[in-house]
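In what follows, a single structure is set out as structure tokens and then discussed.
Numbering (this note's numbering), first residue to last: 4 to 83.
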């Protein structure tokens, strides 16, 4: 919220100039990258990148569309 975007009352309490009063900003830390949602998966994840053919396919998908396994921040598929 130091950007000035967030609940107006909270920003003012901390002497942060209000750029945009948005009540929900900063209230949902469970969506934060450092607090991931974890699911058990019955499939290969980063291990598939050890296969050069498969890795090349993921690279092609990312370069063409900006999507796929390589489009993440890596934290969401840490498993083998």
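All C-beta atoms, glycine included, are put in the ideal place defined by N, C-alpha and C.
Could you check if residue 14 is buried or exposed, using at least 16 other CB atoms within 10 Å of its CB as the buried criterion?
With 16 or more other Cβ atoms within 10 Å, it is buried.
Using a Cβ-Cβ cutoff of less than 6 Å, which residues in the same chain neighbour residue 23 once the five nearest sequence positions on both sides are dropped?
Leaving aside the five residues that flank residue 23 on each side, the residues in its chain whose CB is nearer than 6 Å to its CB run, in chain order, 8.
Distance, residue 16 Cα to residue 68 Cα:
43 Å
Classify residue 50 as helix, strand or coil using the three-state DSSP reduction.
helix
Looking only at its chain, what residues have a beta carbon closer than 6 Å to the beta carbon of residue 65, apart from the 5 residues adjacent to it on each side?
71, 73, 74
Reducing DSSP to helix, strand and coil, say where residue 69 ends up.
coil
On the three-state DSSP scale, how would you describe residue 29?
coil
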